[in-house]
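Residue numbers (this note's numbering): 1 to 378.
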């Protein structure tokens with residue numbers, strides 16, 4: 001105070017002006033900070049709703065866009081709207097979706113709601129509630145006008161009742177899958193039944209069939225006689241074996257050639273049976289062969305080598321005189337199952353499992369085919 005009393009007047013005036021300027025700067029800074037905080041707070045609490053179009057025909061759709069103004073790190077909870085939910089009576093939600101997390105529009109975060117209506121009226125849509133950082137904010141109210149189609153009631157003849165149910169034209173694409181599944185079911189049934197028969201008869205699944213060439217009776221006989229010659233049985237000391245093989249060859253030939261069981265008949269019975277069918281000279285030679293053979297086999301009769309040759313020639317002459325020249329045919333030799341071919345218990349269990357599996361799959365496919373056909377028919 002003492003210094004101010006003795007200071008000059010212009011110095012005191014300058015000092016007071018500086019103090020006033022400091023106060024003004026402090027007030028301006030405080031005002032600017034307060035205004036920025038107020039603006040940021042007001043933006044974060046702003047929710048705007050826009051509808052497009054405002055007027056539509058019955059059954060059309062309108063888009064409601066909700067936009068939240070705020071910072072990037074704001075936590076937003078959008079209204080939970082489900083399809084077919086009524087916003088107000090007569091206005092229902094078709095779908096709703098929000099912007100992708102992390103992406104915002106130029107004016108903020110966005111939610112789009114698709115609405116529709118099937119009643120002509122002017123609807124008042126209440127505010128949508130959005131939570132921002134845990135605080136509930138309301139959007140502005142909206143209005144939507146739904147216009148019905150104008151019907152000219154003066155021309156009643158132009159109105160028609162509902163049409164009857166019409167059958168769709170046949171399309172192969174609709175029946176393609178059931179058809180091929182049906183064919184597959186039939187194939188599975190055939191395979192399963194065949195496997196069942198093989199299992200029941202205890203037969204192998206795969207049999208080897210051999211096709212052999214069937215020789216005519218005279219060819220078989222001549223083949224066996226050639227084998228007798230090759231074995232030099234004519235000059236063998238064992239005459240009984242020689243005449244046994246020679247007469248057995250003739251008996252088999254007569255059995256196949258004339259069709260009666262010559263192997264079980266005596267020599268005299270064979271000759272009597274052939275009397276009505278053969279040449280007398282050839283039968284005399286055959287009778288001589290059988291007589292000599294019986295003497296050798298049962299009476300221990302000994303023959304000379306030339307006699308053995310003569311009987312062999314008589315057998316060949318009888319075959320050549322009575323043979324039938326026909327083309328040889330082919331026959332299928334039936335497979336004979338050996339012990340190794342008999343199915344083991346393990347194989348039988350596996351085969352039963354396969355049959356059961358085929359049965360289950362066939363049943364399921366059959367049910368699916370029936371269901372598919374029923375859907376197509378109905």
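C-beta atoms are modelled at their ideal positions from N, C-alpha and C, and glycine is treated no differently.
Looking only at 271, 57, 349 and 314, the smallest Cα-Cα distance to residue 200 is reached by 349. Contact between residue 49 and residue 144 fails: their C-beta atoms lie close to 11 Å from each other, not under 8 Å. For residue 49, the pairing in a beta bridge is given by DSSP as 66. Under DSSP, residue 93 forms a beta bridge with 115. Just so you know, the alpha carbons of residue 64 and residue 111 end up roughly 8 Å apart. Of the candidates 260, 194, 178 and 223, the residue whose Cα lies closest to the Cα of residue 369 is 178.
Of the residues assessed, residue 266 falls on the exposed side of the cut-off, its CB having fewer than 16 other CB atoms within 10 angstroms.
The continuous stretches of alpha helix (DSSP H) do not include residue 58, and DSSP gives it neither H nor E. Using a 10 angstroms sphere on the CB of residue 243, the tally of other CB atoms reaches 16 or more, which defines it as buried. Residue pairing from DSSP places residue 98 in a beta bridge opposite 111. Three or more Cβ pairs closer than 8 Å define a contact, and the segment 131 to 139 falls short of that threshold against the segment 160 to 170. Inside the segment 193 to 269, DSSP marks whole alpha helix (DSSP H) runs of 4 or more residues at positions 217 to 230 and 239 to 258, from first to last along the chain. Per DSSP, reduced to three states, the secondary structure at residue 71 is coil, with no helix or strand assignment. Annotation: residue 181 to residue 360 spans about 15 Å, alpha carbon to alpha carbon. Secondary structure of residue 286 (DSSP, three-state): helix.
Bounds of the alpha helix (DSSP H) holding residue 315 are 305 to 322. Following the DSSP letters along the chain, one finds residue 138 inside the beta strand (DSSP E) bounded by residues 135 to 138.
In this structure residue 186 is exposed. Its beta-carbon is surrounded by fewer than 16 other beta-carbon atoms within 10 angstroms. Our two residues, residue 305 and residue 261, have alpha carbons roughly 31 Å apart in a direct line. In this structure residue 117 does not touch residue 93 by the C-beta definition: roughly 11 Å separates them, more than the 8 Å allowed. In chain order, 293 place their CB closer than 6 Å to the CB of residue 247, counting only its own chain and leaving out the 5 sequence neighbours on each side.
In chain order, 283, 286, 287 and 290 place their CB closer than 8 Å to the CB of residue 271, counting only its own chain and leaving out the 5 sequence neighbours on each side.
The segment 163 to 171 makes no contact with the segment 78 to 88; the number of CB pairs closer than 8 Å stays below 3. Note that the C-beta distance between residue 58 and residue 151 is not below 8 Å.
Secondary structure of residue 361 (DSSP, three-state): helix.
Looking at the backbone, the Cα of residue 215 and that of residue 308 are separated by about 27 Å.
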